[in-house]
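These protein sequences, in sequence, are chains W and Z. Numbering of the first sequence is given in this note's numbering, commencing with residue 5 and proceeding in unit increments. Numbering of the second sequence is given in this note's numbering, commencing with residue 5 and proceeding in unit increments. Note that the Cβ used here is the ideal one computed from N, Cα and C, for glycine as well. Please read these numbers as outputs of a predicted model, since none were measured by experiment.
2 protein chains.
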Amino acid sequence: KKQFAVIGLGRFGTSVATTLAQLGYDVLAVDSDEARVEELAEVATHAVQADATDIEVLKQLGIRNFDVVVVSIGHNMEASILVTLILKEMGVKQVIAKAGSELHSRVLKRVGADRVVFPERDMGARVAHNLVASNIIDYIELAPNYSLLEITPPCEMFDKTIRELNLRTDYGINVLAIKRGNEIKVSPGADDVIKKGDILVVVGENGDLKQLEEE
Amino acid sequence: KKQFAVIGLGRFGTSVATTLAQLGYDVLAVDSDEARVEELAEVATHAVQADATDIEVLKQLGIRNFDVVVVSIGHNMEASILVTLILKEMGVKQVIAKAGSELHSRVLKRVGADRVVFPERDMGARVAHNLVASNIIDYIELAPNYSLLEITPPCEMFDKTIRELNLRTDYGINVLAIKRGNEIKVSPGADDVIKKGDILVVVGENGDLKQLEEE
Ligand SMILES: Nc1ncnc2c1ncn2[C@@H]1O[C@H](COP(=O)(O)OP(=O)(O)OP(=O)(O)O)[C@@H](O)[C@H]1O
Ligand SMILES: Nc1ncnc2c1ncn2[C@@H]1O[C@H](COP(=O)(O)OP(=O)(O)OP(=O)(O)O)[C@@H](O)[C@H]1O
């Protein structure tokens with residue numbers, strides 16, 4: 005089973021560590037701030053206060069033996085870069101680093117980050133897309149020109165079946181699920197009816213999906 | 005056309021404002037920090053330095069006339085809550101607020117936030133899921149227990165058709181698309197073949213999806 009370490013217990017790092025622990029994995033959580041270490045003490049396998057730019061401390065923690073280390077130090081760009089460099093030089097197989105900007109990301113890649121993530125930037129784009137089309141509840145770009153939307157159906161769809169609406173043949177749209185209240189019906193059938201108040205989870209090409217959007 | 009304001013130009017707020025502008029909408033960008041306002045000056049329709057907890061300033065900006073205001077003040081919980089309260093009391097139709105914790109989120113809802121977002125928390129969960137199953141490239145939870153994954157297919161699927169694999173009937177999994185190199189085939193047919201090197205975009209219940217994951 006893979007062993008994980010998360011360095012930097014801000015909101016993102018805390019969420020990574022907590023989710024990994026919930027999925028049943030061993031997680032070493034590290035932060036220079038005692039209070040943040042305390043918060044993860046019950047959740048992580050080990051929670052340690054340390055300045056991660058200190059090579060000696062990292063050696064003592066045996067960090068080179070971890071399969072994956074997440075460097076989620078946000079505002080201190082220098083520390084984020086140094087820690088990433090040190091980890092790769094020590095031979096850690098996979099280092100995932102959080103970046104706050106394009107420039108930060110380029111430096112992280114240069115010092116060996118295997119992967120860079122942009123939580124705030126990516127979520128900002130998603131929120132913006134779904135603010136623009138009011139009936140879009142969630143928007144996720146799966147590939148250039150191909151997206152997943154959660155939408156409230158336009159009124160011309162009320163009380164019609166999926167077959168009647170011909171969504172796949174006429175619109176090129178695949179209805180993955182219908183959410184109604186607290187229920188979710190996955191892979192609905194051709195005779196399922198769409199009702200006012202439903203939330204449809206749909207996928208298709210962006211041009212086709214635009215037909216479902218309401219201003 | 006809707007008019008948007010973004011208060012708090014951290015990484016998330018900047019991304020929301022930038023994306024809205026790219027989508028062709030008018031955006032008012034507000035921050036108490038001059039430097040951050042400067043960075044958005046070319047991007048936003050208007051970029052203003054202001055302390056958003058100051059009701060007089062918000063009135064001068066005509067903020068009550070905006071359709072949607074995003075409150076993306078992160079670490080200053082008090083400011084984030086006060087601004088949200090003020091906006092709702094002034095009659096702004098839709099206020100989206102960024103929360104840093106569950107507690108923060110509950111207070112925001114109490115003071116009237118129409119929607120609360122958790123960029124770092126949600127992204128942390130996504131990254132954790134895809135670190136755990138090495139062939140998961142992206143993971144998005146669409147609803148409790150129902151997710152979308154982008155995965156590299158396990159080798160037992162190579163050179164078999166979707167029909168042969170019986171993914172929907174046997175596994176309860178819906179293959180939305182097959183990405184091969186730069187091509188993406190959306191809503192593949194029953195006779196489409198899965199090849200080594202493909203990326204499959206699949207949806208289904210979490211228990212069913214687990215069968216596709218490789219350690
Ligand atoms: N040298 C270091 N060693 C260990 N931890 C560090 C070091 N430098 C910063 N940290 C920790 O990294 C954590 C995250 O940093 P910070 O809060 O600046 O990032 P952030 O991007 O705002 O986080 P998030 O957006 O995920 O909440 C902090 O808890 C901080 O104490
Ligand atoms: N009262 C206020 N009025 C206007 N802007 C404010 C106010 N208080 C804070 N801000 C601004 O909000 C912005 C975002 O806040 P902060 O950087 O603490 O959040 P954050 O959650 O770390 O951001 P992100 O994670 O999106 O980068 C900052 O640029 C800050 O200047």
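**Prompt:** Within the present structure, is the beta-carbon of residue 55 of chain W separated from the nearest heavy atom of ligand 1 by less than 7 Å?
**Reply:** Within the first sequence, numbered from 1, the residue matching residue 55 of chain W stands at position 51. Residue 55 of chain W: yes, Cβ under 7 Å from ligand 1.
**Message:** Are the CB atoms of residue 65 of chain Z and residue 132 of chain W within a distance shorter than 8 Å?
**Reply:** Stepping through the first sequence from its first residue, residue 132 of chain W is reached at position 128. Stepping through the second sequence from its first residue, residue 65 of chain Z is reached at position 61. Cβ distance not < 8 Å, so residue 132 of chain W and residue 65 of chain Z don't count as in contact.
**Buried/exposed call for residue 5 of chain Z, threshold 16 Cβ in 10 Å** = As a working note, residue 5 of chain Z is residue 1 in the second sequence. Taking all protein chains shown into account, residue 5 of chain Z has fewer than 16 neighbouring C-beta atoms within 10 Å of its C-beta and is therefore exposed.
**Request:** Using alpha carbons as the reference points, say which of Z:179, Z:67, Z:188, Z:193 lies closest to residue 208 of chain Z.
**Result:** Within the second sequence, residue 208 of chain Z is the residue found at index 204, counting from 1. Looking at the Cα atoms, Z:179 is the closest of the given residues.
**Request:** Let me know the secondary structure DSSP gives residue 30 of chain W once reduced to three states.
**Result:** Reading the first sequence from its first residue, position 26 is the one you call residue 30 of chain W. The three-state reading of DSSP puts residue 30 of chain W in strand, counting E and B together.
**Message:** Any beta carbon of chain W sitting closer than 8 Å to that of residue 120 of chain Z?
**Reply:** Locating residue 120 of chain Z in the second sequence gives position 116, where the first residue counts as 1. Chain W contact via Cβ: absent.
**Request:** Report yes if the C-beta distance between residue 117 of chain W and residue 88 of chain W is below 8 Å; otherwise report no.
**Result:** Translated into positions along the first sequence, residue 117 of chain W becomes position 113. Translated into positions along the first sequence, residue 88 of chain W becomes position 84. With contacts defined as CB atoms closer than 8 Å, residue 117 of chain W and residue 88 of chain W qualify as a contacting pair.
**Prompt:** From residue 61 of chain W to residue 111 of chain Z, what does the alpha carbon distance come to, in whole angstroms?
**Reply:** For the purposes of this step, residue 61 of chain W is taken as residue 57 along the first sequence, with counting starting at 1. For the purposes of this step, residue 111 of chain Z is taken as residue 107 along the second sequence, with counting starting at 1. Their backbone Cα atoms lie some 39 Å apart in a straight line.
**Contact under 8 Å by Cβ, residue 197 of chain Z with residue 165 of chain Z** = The residue you call residue 197 of chain Z lines up with position 193 of the second sequence. The residue you call residue 165 of chain Z lines up with position 161 of the second sequence. Yes, these two residues count as a Cβ contact at 8 Å.
**Request:** Over the uninterrupted beta strand (DSSP E) stretch that includes residue 79 of chain W, give me the two end residues.
**Result:** For the purposes of this step, residue 79 of chain W is taken as the residue at position 75 of the first sequence. If you look at residue 79 of chain W, you'll find it isn't in any beta strand (DSSP E); DSSP assigns it neither H nor E.
**Message:** Any C-beta of chain W within less than 7 Å: which residues of the region 174-194 of chain Z qualify?
**Reply:** Residues 178, 180, 181, 183, 188, 190, 191.
**Message:** In this structure, how does DSSP classify residue 211 of chain Z when only helix, strand and coil are distinguished?
**Reply:** Taking the first residue of the second sequence as position 1, residue 211 of chain Z is located at position 207. It is helical.
**Message:** If we define contact as Cβ-Cβ less than 8 Å, is residue 123 of chain Z a contact residue for chain W?
**Reply:** For the purposes of this step, residue 123 of chain Z is taken as the residue at position 119 of the second sequence. Residue-level contact by beta carbon holds for residue 123 of chain Z and chain W, with a gap shorter than 8 Å.
**Item:** Proximal chain W residues relative to residue 19 of chain Z, where beta-carbon distance stays under 7 Å
**Value:** Within the second sequence, the letter at position 15 stands for residue 19 of chain Z. By Cβ distance, chain W contributes 124, 125, 128, 129.
**Item:** Enclosing alpha helix (DSSP H) for residue 132 of chain Z [first to last residue]
**Value:** What you label residue 132 of chain Z is simply residue 128 of the second sequence in a count that begins at 1. Looking at the DSSP string, the run of the alpha helix (DSSP H) that includes residue 132 of chain Z is 123-136.
**Message:** Please tell me whether, using a cut-off of 7 Å, the distance from the CB of residue 42 of chain W to the nearest non-hydrogen atom of ligand 1 is below it.
**Reply:** By one-based count along the first sequence, residue 42 of chain W stands at place 38. No, the beta carbon of residue 42 of chain W sits no closer than 7 Å to any heavy atom of ligand 1.
**Prompt:** Since residue 32 of chain W and residue 13 of chain W are thought to touch, with beta carbons under 8 Å apart, how far apart are those beta carbons, to the nearest angstrom?
**Reply:** Numbered from its first residue, the first sequence carries residue 32 of chain W at position 28. Numbered from its first residue, the first sequence carries residue 13 of chain W at position 9. In fact, because the Cβ distance is near 11 Å, the residues do not count as touching under 8 Å.
**Asked** Using a Cβ-Cβ cut-off of 8 Å (strictly less than) and excluding sequence neighbours within five positions of residue 78 of chain Z, which residues of its own chain qualify?
**Response** As a first step, residue 78 of chain Z must be located in the second sequence, where it is residue number 74. Cβ neighbours of residue 78 of chain Z beyond the five flanking positions: 12, 14, 16, 84, 102, 104.
**Request:** State yes or no: is the beta carbon of residue 68 of chain W nearer than 8 Å to at least one beta carbon in chain Z?
**Result:** Counting from one through the first sequence, the residue named residue 68 of chain W turns up at place 64. By this cut-off, residue 68 of chain W is not an interface position.
**Asked** Is there at least one Cβ from chain Z nearer than 8 Å to residue 14 of chain W's Cβ?
**Response** To locate residue 14 of chain W, count along the first sequence from 1; it is residue 10. Using a Cβ-Cβ cut-off of 8 Å, residue 14 of chain W counts as an interface residue toward chain Z, since at least one Cβ of chain Z sits closer than that to its own.
**Asked** Going along chain Z, which residues have a C-beta under 9 Å from residue 73 of chain W?
**Response** Locating residue 73 of chain W in the first sequence gives position 69, counting from the first residue. Against chain Z, the beta carbon of residue 73 of chain W has no neighbour under 9 Å; the closest one sits roughly 10 Å away.
**Prompt:** Secondary structure at residue 35 of chain Z, three-state DSSP: helix, strand or coil?
**Reply:** By 1-based counting over the second sequence, the position of residue 35 of chain Z is 31. In the structure shown, residue 35 of chain Z sits in a strand (DSSP, three-state: E or B).
**Message:** I'd like to know whether the C-beta of residue 8 of chain W is nearer than 8 Å to at least one C-beta of chain Z.
**Reply:** The residue you call residue 8 of chain W lines up with position 4 of the first sequence. It does; some Cβ of chain Z falls within 8 Å.
**Request:** Can you give me the Cβ contacts of residue 163 of chain W inside the same chain, cut-off strictly under 7 Å, excluding the 5 residues immediately before and after it?
**Result:** Counted from its first residue, the first sequence places residue 163 of chain W at position 159. For residue 163 of chain W, where only same-chain residues beyond five positions count, the Cβ hits under 7 Å are 197, 199.
**Distance cut-off 7 Å: residue 13 of chain W Cβ against heavy atoms of ligand 1** = Indexing the first sequence from 1 puts residue 13 of chain W at position 9. Yes, Cβ of residue 13 of chain W sits closer than 7 Å to a heavy atom of ligand 1.
**Asked** For residue 204 of chain Z, does the three-state DSSP call read helix, strand or coil?
**Response** Here residue 204 of chain Z refers to the residue found at position 200 of the second sequence. In this structure, residue 204 of chain Z counts as strand in the three-state DSSP scheme.
**Asked** Is the shortest distance between the beta-carbon of residue 116 of chain Z and the beta-carbons of chain W less than 8 Å?
**Response** Taking the second sequence and counting its residues from 1, the one referred to as residue 116 of chain Z is at position 112. Chain W has no Cβ within less than 8 Å of the Cβ of residue 116 of chain Z.
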